[in-house]
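Numbering (our numbering), first residue to last: 1422 to 1726.
Written out as structure tokens, the structure is:
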């Protein structure tokens, strides 16, 4: 179909249907009636020669053709919005809600300082956090569910081209155990004692073989992993109340309620450090509020290596 013949208003309907997954919700977002949205969808289907959406449960899901069209169309619409928006973002008066994806570990390091900062420079801004499972980073951003993700990225070579990133800080790890643990009296932890001890680990994605075990396996080793949880706070609490040990981020803040009860030792088998990065979708490159948020996060938390 010719671009000249396409009613560009239909692209806003397409965007709403893609992001909402429901004709009813799309109509609400667009301030249109459901029949009007259905009529616009019919025109889009006729213009593009594809059903674009099919019924699925209580909503709709996109066809393969719609999925292919979504990335360039969604990006183009965001760029147009960014160009039309006032280019100077005024944090002092902005009533903006930012949605961030992060683990409880990252939240414990970022949120106290971020919220204190926003309270001073952007008092009307609101922040909403959602869980980060690492494996959903691209999906969360591509589906426009979140503004930014603060996380490690396990397979950087598989990071989609549309996802931008900026390194923030390096995560070093230590072996944590409760104070008074039989191994805590040693000056150093031997590899044998470490591997034979009962371990708990964190897998944000719910995998039974965390990344540290993949590192050990690459060296022909394995440890006695007896449990995994999907929250760092839970792991620290379990270690505090048991004889289990854990490989956890070493930057446990001294003001944490767990700190007085835990003993940290250098790992005898030190895996490569991980990097926490800030991720966002390229369609938000020029959106003033988004750019301000990213600059704020980088300015506050990026560490020079």
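Even for Gly, the Cβ is constructed at its ideal location relative to N, Cα and C.
Source: prediction; values computed, not measured.
Under the criterion of beta carbons closer than 8 Å, residue 1555 and residue 1572 qualify as touching, at roughly 6 Å. A distance of 7 Å or more separates the beta carbons of residue 1629 and residue 1568. Taken atom to atom, the span from the alpha-carbon of residue 1481 to that of residue 1469 is near 18 Å. With the rule of 3 Cβ pairs closer than 8 Å, the region 1709–1724 counts as touching the region 1587–1600. Judged by DSSP in its simplified three-state form, residue 1525 adopts helix.
Residue 1709: member of the alpha helix (DSSP H) spanning 1709–1722, first to last residue. In chain order, 1512 place their CB closer than 6 Å to the CB of residue 1542, counting only its own chain and leaving out the 5 sequence neighbours on each side. Short of 7 Å from the beta carbon of residue 1472, and not among the five residues preceding or following it, lie these beta carbons of its own chain, in chain order: 1466, 1484. Scanning 1649, 1627, 1683, 1455 for the CA closest to the CA of residue 1557 turns up 1627. Where residue 1567 is concerned, there is no enclosing alpha helix (DSSP H), because DSSP gives it neither an H nor an E. Of the residues 1677, 1670, 1656, 1435, the one whose Cα lies closest to the Cα of residue 1693 is 1670. For residue 1622, the enclosing beta strand (DSSP E) has its first and last residue at 1619–1623. For residue 1519, DSSP records a beta bridge to 1548.
Here residue 1597 is near residue 1667, since their CB atoms are less than 7 Å apart. DSSP assignment within the region 1632–1682 yields the following whole beta strand (DSSP E) runs of 3 residues or more, N-terminal first: 1645–1650, 1667–1670. Within a 10 Å sphere around the beta-carbon of residue 1430 sit fewer than 16 other beta-carbons, which makes this residue exposed. Judged by DSSP secondary structure, residue 1704 falls outside any beta strand (DSSP E); it is assigned neither H nor E.
Nearest Cα to residue 1612 within the set 1584, 1632, 1642: 1642. Cα atoms of residue 1488 and residue 1446: separation of roughly 19 Å, rounded to the nearest angstrom. Per DSSP, the beta-bridge partners of residue 1594 are 1670. For residue 1452, the secondary structure class from DSSP, reduced to helix, strand or coil, is coil.
In this structure, residue 1699 keeps its C-beta atom at 7 Å or more from the C-beta atom of residue 1683. Counting C-beta atoms within 10 angstroms of its own C-beta, residue 1618 has 16 or more neighbours from the protein chains shown and is therefore classed as buried. Per DSSP, reduced to three states, the secondary structure at residue 1510 is coil, with no helix or strand assignment. If you draw a straight line from the Cα of residue 1427 to the Cα of residue 1464, it is about 9 Å long. Of 1714, 1716, 1460, 1709, the smallest CA-CA separation from residue 1509 is found for 1709. When the beta-carbon positions are compared, residue 1624 and residue 1649 come within less than 7 Å of each other.
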